[in-house]
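In our numbering, the protein residues as written are 5 to 92.
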């Protein structure tokens with residue numbers, strides 16, 4: 005089984021608002037149909053671009069990534085209180 009990782013040196017690109025052209029915040033939340041007491045696992049959370057949106061509507065979000073450098077980037081950016089970072 006293969007896996008995909010993103011070049012951490014280009015992590016800023018993952019924060020580009022143009023990503024909403026592919027999946028807007030409204031589409032993400034609407035598709036997830038989350039209640040305020042739900043728990044979410046975001047596998048491959050990267051910089052937390054979409055994780056932050058989920059954290060605004062779920063009780064808890066577990067952000068999982070296999071790249072420790074992505075978690076470090078996310079920590080530096082600022083992780084919402086509802087998010088726990090996990091290493092895979």
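Ideal Cβ placement from N, Cα and C applies to all residues, glycine included.
As the structure is a computational prediction, the values presented were derived from the model and not from experiment.
| query | result |
| --- | --- |
| Which partner residues of residue 89 appear in the DSSP bridge assignment? | 67 |
| Return helix, strand or coil for residue 46, following the three-state DSSP convention. | strand |
| Output the boundary residues of the alpha helix (DSSP H) element that contains residue 79. | 72-81 |
| What's the gap between the Cα of residue 8 and the Cα of residue 69? | 11 Å |
| With DSSP collapsed to three states, give me the class of residue 61. | coil |
| Looking at residue 45 and residue 38, is the spacing between their C-beta atoms short of 8 Å? | no |
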